[in-house]
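**Q** So the number in this note's numbering is just where the residue sits in the sequence shown, counting from 1, plus 414. Using N, Cα and C, we set each Cβ at its ideal position, and we do this for glycine too. The structure displayed is predicted, hence computed values, not measured ones. Could you have a look at this structure, given as structure tokens, before my questions?
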Amino acid sequence: MKPVRKAVFPVAGLGSRFLPATKASPKEMLPIVDKPLIQYAAEEAVAAGCDELIFVTGRTKRSIADHFDKAYELESELEKKNKQRLLDMIRGIIPAHVTTVYTRQNEALGLGHAVLCAKKLVGDEPFAVMLADDMIQSLDKPGCLEQMVALHAEQQCSVIGVENVPAEMTDKYGVISGAEKKSGATVLDGIVEKPAPEDAPSTKAVVGRYILSPKIFELLERTEKGAGGEIQLTDAIAELLKFETVLGYEFEGKRFDCGDKLGYLKATVEYGLQHPELKVDFAQYLEELGL
Numbered sequence: 415m416k417p418v419r420k421a422v423f424p425v426a427g428l429g430s431r432f433l434p435a436t437k438a439s440p441k442e443m444l445p446i447v448d449k450p451l452i453q454y455a456a457e458e459a460v461a462a463g464c465d466e467l468i469f470v471t472g473r474t475k476r477s478i479a480d481h482f483d484k485a486y487e488l489e490s491e492l493e494k495k496n497k498q499r500l501l502d503m504i505r506g507i508i509p510a511h512v513t514t515v516y517t518r519q520n521e522a523l524g525l526g527h528a529v530l531c532a533k534k535l536v537g538d539e540p541f542a543v544m545l546a547d548d549m550i551q552s553l554d555k556p557g558c559l560e561q562m563v564a565l566h567a568e569q570q571c572s573v574i575g576v577e578n579v580p581a582e583m584t585d586k587y588g589v590i591s592g593a594e595k596k597s598g599a600t601v602l603d604g605i606v607e608k609p610a611p612e613d614a615p616s617t618k619a620v621v622g623r624y625i626l627s628p629k630i631f632e633l634l635e636r637t638e639k640g641a642g643g644e645i646q647l648t649d650a651i652a653e654l655l656k657f658e659t660v661l662g663y664e665f666e667g668k669r670f671d672c673g674d675k676l677g678y679l680k681a682t683v684e685y686g687l688q689h690p691e692l693k694v695d696f697a698q699y700l701e702e703l704g705l
């Protein structure tokens, strides 16, 4: 099986939970301290060995492409003012060997449809899917996607990131089932989208990290609308189980749900407490607040 070189970022969603902040700017451009969410996700993909980043965009999403594009005027001004550190920072947002590609999802038909929009760009090879509003902090460990890429290389099959959630929250996630283990990961025998707690097959919930075989595109093309009237990636993965092994991997790291206001604030605080320029003063400020 080929290595994972391509990462797909579905970024066409409306981000309605963050209105009015996301009225004209995508939620993926919301900053955590001094970097937007989408940059953290892109950095994780590059660290995992991906050298082609595919963004499935929608209306009002041009700022994502602008962020990863070269900014000639800004670079010129920084150069004139001898601000080398800042110049190096913006030039290094994406390494020179990494390509960014953009395609449009014209209708909001769900995550499965967004992934299907990348079919021609991905081609016949395994690929990653990353949801930028799931931030996963790994600190001194390899990033979540890097961990998953290593498992994929070892087991040569699709891998889905999962974590245990409280039983009462299963109706917010795709939830997997399976008893058999391979390399510590669960071999899936089922997956269901947003089950009620009493119907959930487990408390292992799918998070925004996937490594999928190209077979998923064929299945997505015939997947009908499911939960929420959308084409669900979960439904296509359930069909994929009939043809291939899929592993549910409980990653090492801490996830922040930055699609939720409280999760976003938690990430901001914790990343602020680790920021090399801010952590001392920020910790002192929080202490002064009695936090």
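1. Thinking just about the alpha-carbon of each residue, which of G427, A426, A462 and A614 is nearest to the one in G557?
2. Taking the alpha carbon of L692 as the point to measure from, which residue in V460, V543, I446 and E638 has its own alpha carbon closest?
3. When DSSP labels each residue in this structure, what does V418 get in the three-state scheme?
4. Within a Cβ cutoff of 6 Å, which residues of the same chain sit near I508, ignoring the five residues on either side of it in sequence?
5. Taking three-plus beta-carbon pairs below 8 Å as touching, is the segment 620-630 in contact with the segment 653-670?
6. So, do the segment 569-580 and the segment 591-609 have three or more beta carbon pairs nearer to each other than 8 Å?
7. In terms of alpha-carbon separation, which member of H527, R505, K555 and E491 lies closest to E632?
8. Just to confirm the assignment, what range does the alpha helix (DSSP H) spanning Y587 have?
9. Examine the Cβ distances between the segment 428-439 and the segment 495-515 and report whether three or more of them are shorter than 8 Å.
10. Which residues in the same chain have their Cβ closer than 7 Å to the Cβ of G660, if we skip the five residues on either side of it in sequence?
11. What did DSSP end up calling E658 once you bin it into helix, strand or coil?
12. I need the boundaries of the beta strand (DSSP E) containing L626, first residue and last residue.
13. Restricting to runs no shorter than 3 residues, where is the beta strand (DSSP E) found entirely within the segment 553-609?
14. May I ask you to verify whether the segment 509-519 touches the segment 530-541, counting CB pairs closer than 8 Å and requiring at least 3?
15. Entirely within the segment 505-552 and at least 4 residues each: give me those alpha helix (DSSP H) ranges in chain order.
16. Apart from the five residues on each side of it in sequence, which residues of its chain come closer than 6 Å, Cβ to Cβ, to L634?
17. By how many angstroms is the C-alpha of P424 removed from the C-alpha of D674?
18. What's the C-alpha gap between K484 and L492?
19. Is it right to say P690 is buried, meaning 16 or more other beta carbons lie within 10 angstroms of its own, or is it exposed?
20. With burial defined as no fewer than 16 other Cβ atoms inside 10 Å of the residue's Cβ, what is the status of V708: buried or exposed?
21. Look at the alpha carbon of A479 and the alpha carbon of K680, and state the distance between them as a whole number of angstroms.
22. To the nearest angstrom, how far is it from the Cα of A455 to the Cα of Q551?
23. Can you confirm whether V425, when its beta carbon is compared against all beta carbons of chain C, has any partner nearer than 7 Å?
24. Determine the burial state of K618: buried for a count of at least 16 other Cβ atoms within 10 Å of its Cβ, exposed for fewer.
25. I'd like the span of the alpha helix (DSSP H) that includes D448, first residue to last.
26. By the 10 Å Cβ neighbour count, where 16 or more other Cβ atoms means buried, how is L488 classified, buried or exposed?
27. Taking 7 Å as the threshold (C-beta atoms), are T584 and P540 in contact?
28. Hey, how far is the Cα of L467 from the Cα of G642?
29. Reducing DSSP to helix, strand and coil, say where D671 ends up.
30. Going by DSSP, which residues form a beta bridge with F482?
31. DSSP three-state call for L467: helix, strand or coil?
**A** In brief:
1. As a working note, residue 557 is residue 143 in the sequence shown. That would be A462, whose Cα lies nearest to the Cα of G557.
2. In the sequence shown, residue 692 corresponds to position 278, counting from 1. Comparing alpha-carbon positions, the option among V460, V543, I446 and E638 lying closest to L692 turns out to be I446.
3. Position 4 of the sequence shown, counted from the first residue, corresponds to residue 418. V418: coil per DSSP, three-state reduction.
4. Here the question's residue 508 lines up with position 94 in the sequence shown. Excluding its 5 nearest sequence neighbours in each direction, I508 has C-beta neighbours in its own chain below 6 Å: F482, listed in chain order.
5. Output reads yes: the segment 653-670 touches the segment 620-630.
6. Taking 8 Å as the limit for Cβ pairs, the verdict is that the segment 591-609 does touch the segment 569-580.
7. Along the sequence shown, one-based indexing puts residue 632 at 218. Here the closest residue by C-alpha is H527.
8. For the purposes of this step, residue 587 is taken as residue 173 along the sequence shown, with counting starting at 1. Careful: Y587 lies outside any alpha helix (DSSP H) and carries neither H nor E.
9. Short answer: they don't touch.
10. Counting from 1 along the sequence shown, the entry for residue 660 is found at position 246. The displayed chain sequence assigns Val, not Gly, to residue 660. Excluding residues up to 5 positions away in sequence, C571, S572, I574, L602, I651 and L654 lie with their Cβ nearer than 7 Å to the Cβ of V660 in the same chain.
11. By 1-based counting over the sequence shown, the position of residue 658 is 244. In the three-state reduction of the DSSP assignment, E658 falls in the coil class, being assigned neither a helical nor a strand state.
12. By 1-based counting over the sequence shown, the position of residue 626 is 212. In the DSSP assignment, L626 falls within the unbroken beta strand (DSSP E) covering K618 to L626.
13. For the segment 553-609, the full-length beta strand (DSSP E) segments reaching 3 residues or more read 572-578, 588-591, 599-601 and 604-607 along the chain.
14. Segments in contact, yes.
15. Counting only runs of at least 4 residues, the segment 505-552 fully encloses the following alpha helix (DSSP H) elements, listed from N- to C-terminal order: 525-530 and 533-536.
16. In the sequence shown, residue 634 corresponds to position 220, counting from 1. Answer for L634: G526, L530 and A650, listed in chain order.
17. Numbered from its first residue, the sequence shown carries residue 674 at position 260. Numbered from its first residue, the sequence shown carries residue 424 at position 10. Their Cα atoms are separated by approximately 17 Å.
18. As a first step, residue 484 is located in the sequence shown; it is residue number 70 there, counting from the start. As a first step, residue 492 is located in the sequence shown; it is residue number 78 there, counting from the start. Between K484 and L492, the C-alpha separation is close to 13 Å.
19. Taking the sequence shown and counting its residues from 1, the one referred to as residue 690 is at position 276. Exposed.
20. Residue 708 lies beyond the range of the chain shown here (415 to 705); nothing can be said about it.
21. By 1-based counting over the sequence shown, the position of residue 479 is 65. By 1-based counting over the sequence shown, the position of residue 680 is 266. For A479 and K680, the distance between alpha carbons rounds to 27 Å.
22. Numbered from its first residue, the sequence shown carries residue 455 at position 41. Numbered from its first residue, the sequence shown carries residue 551 at position 137. Distance between the alpha carbons of A455 and Q551 is about 11 Å.
23. In the displayed structure, chain C is absent; only one protein chain is listed.
24. Numbered from its first residue, the sequence shown carries residue 618 at position 204. Buried, by the Cβ-count rule.
25. Position 34 of the sequence shown holds residue 448. Here D448 belongs to no alpha helix (DSSP H), and DSSP marks it neither H nor E.
26. Against the sequence shown, residue 488 aligns to sequence position 74. That one is exposed.
27. Here residue 540 refers to the residue found at position 126 when the sequence shown is read from its first residue. Here residue 584 refers to the residue found at position 170 when the sequence shown is read from its first residue. Between P540 and T584, the gap from beta carbon to beta carbon reaches 7 Å or more.
28. Numbered from 1 along the sequence shown, position 53 holds the residue referred to as residue 467. Numbered from 1 along the sequence shown, position 228 holds the residue referred to as residue 642. The alpha-carbon of L467 is positioned some 28 Å away from that of G642.
29. Position 257 of the sequence shown, counted from the first residue, corresponds to residue 671. Correct three-state label for D671: strand.
30. Residue 482 sits at position 68 when you count from the first residue of the sequence shown. For F482, which the question treats as bridged, DSSP gives no partner whatsoever.
31. Counting from 1 along the sequence shown, the entry for residue 467 is found at position 53. The DSSP-derived three-state label of L467 is strand.
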